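In the numbering used here, the protein residues as written are 18 to 248.
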């Protein structure tokens, strides 16, 4: 079952039990705990643990490769490598890239631009009942690259599909900033709702809070070990 992804808390809360019922219809030998674990997997990428406040905070971002040609003024660690197949071109100027974190809104707009560009070149792309949503996971469109810009990892793109399905319009050129802001305000509420439900069934280690806190501690330890090695 593909769980719906909600961009605001009210929609998530009001549909919780309806979706739980559908979950039981799809998976007979299961429990609400399994359903909650699936929800935790769905929303945990959009929050992080904040040590100062000891709570979850919104973090709707994704790592991409910012591809460009050498000798452009760029700051950061750059790698001379082809963005998709990791083979340097035999002629012409080698392309380089640096890793960059961008917001999910910027990522969604980038994907929307790719889809609209494809549709503008293919007159029948939006014929009949077809719309932008039909091309969200089109490999050729998602990984297309002309000159410079963001190089999209198709594997990493899969994790963004639920968000994109909920956020991208069926038709249009731009994403909705107000809806995105609402999502940033709501995602922590959604995570805390899931965690509260998990606590009632004593699945404390499965909460988004516990897992995010453990990940944050691990990353801090990893950074300290790296600094120790550097010194």
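Note that CB positions come from ideal geometry on N, CA and C, so glycine has one too. Values in this document were obtained by computation on a predicted structure and should not be read as measured data.
How long is the line joining the alpha carbons of residue i and residue j, rounded to whole angstroms?
i: residue 133; j: residue 216; result: 44 Å
i: residue 213; j: residue 19; result: 23 Å
i: residue 31; j: residue 185; result: 22 Å
i: residue 70; j: residue 245; result: 27 Å
i: residue 45; j: residue 58; result: 20 Å
i: residue 223; j: residue 129; result: 34 Å
i: residue 27; j: residue 140; result: 39 Å
i: residue 157; j: residue 194; result: 27 Å
i: residue 189; j: residue 114; result: 30 Å
i: residue 78; j: residue 227; result: 20 Å
i: residue 124; j: residue 55; result: 24 Å
i: residue 176; j: residue 119; result: 15 Å
i: residue 238; j: residue 68; result: 14 Å
i: residue 211; j: residue 29; result: 10 Å
i: residue 165; j: residue 192; result: 22 Å
i: residue 142; j: residue 153; result: 13 Å
i: residue 173; j: residue 42; result: 30 Å
i: residue 138; j: residue 151; result: 16 Å
i: residue 232; j: residue 62; result: 11 Å
i: residue 25; j: residue 167; result: 28 Å
i: residue 234; j: residue 169; result: 29 Å
i: residue 85; j: residue 135; result: 22 Å
Apart from the five residues just before and just after residue i, which ones in its own chain have a Cβ nearer than 6 Å to its Cβ?
i: residue 230; result: 66
i: residue 144; result: none
i: residue 236; result: none
Answer yes or no: does any C-beta atom of chain D fall closer than 7 Å to that of residue i?
i: residue 127; result: The displayed structure is made up of one protein chain only, and chain D is not part of it.
Using DSSP's beta-bridge definition, name the partner residues of residue i.
i: residue 78; result: 120
i: residue 115; result: 83
i: residue 72; result: 67
i: residue 168; result: 82
Report buried or exposed for residue i, applying the criterion of at least 16 other Cβ atoms within 10 angstroms of its Cβ.
i: residue 122; result: buried
i: residue 159; result: buried
i: residue 60; result: buried
i: residue 131; result: buried
i: residue 178; result: exposed
i: residue 187; result: exposed
i: residue 23; result: buried
i: residue 171; result: exposed
i: residue 10; result: With the chain represented from 18 up to 248, any question about residue 10 goes unanswered, as that position is not in the structure.
i: residue 254; result: Any property of residue 254 remains undetermined from this structure, which presents the chain solely from 18 to 248.
Go through its chain and collect everything with a Cβ distance to residue i's Cβ below 8 Å, but skip five positions before and after it.
i: residue 64; result: 73, 74, 75, 76, 204, 205, 208, 225, 229
i: residue 126; result: 191, 192
Got a sec? Which residues, its chain only, sit under 7 Å from residue i by beta carbon, not counting five neighbours each side?
i: residue 116; result: 80, 82
i: residue 148; result: 187, 188
i: residue 11; result: Past the edges of the chain, shown from 18 to 248, lies residue 11, and the structure says nothing about it.
Count the CB pairs spanning the segment 204 to 221 and the segment 46 to 59 that are closer than 8 Å, and state whether there are at least three. yes
Tell me, please, whether the segment 185 to 201 touches the segment 28 to 38 by the rule of three or more beta-carbon pairs shorter than 8 Å. no
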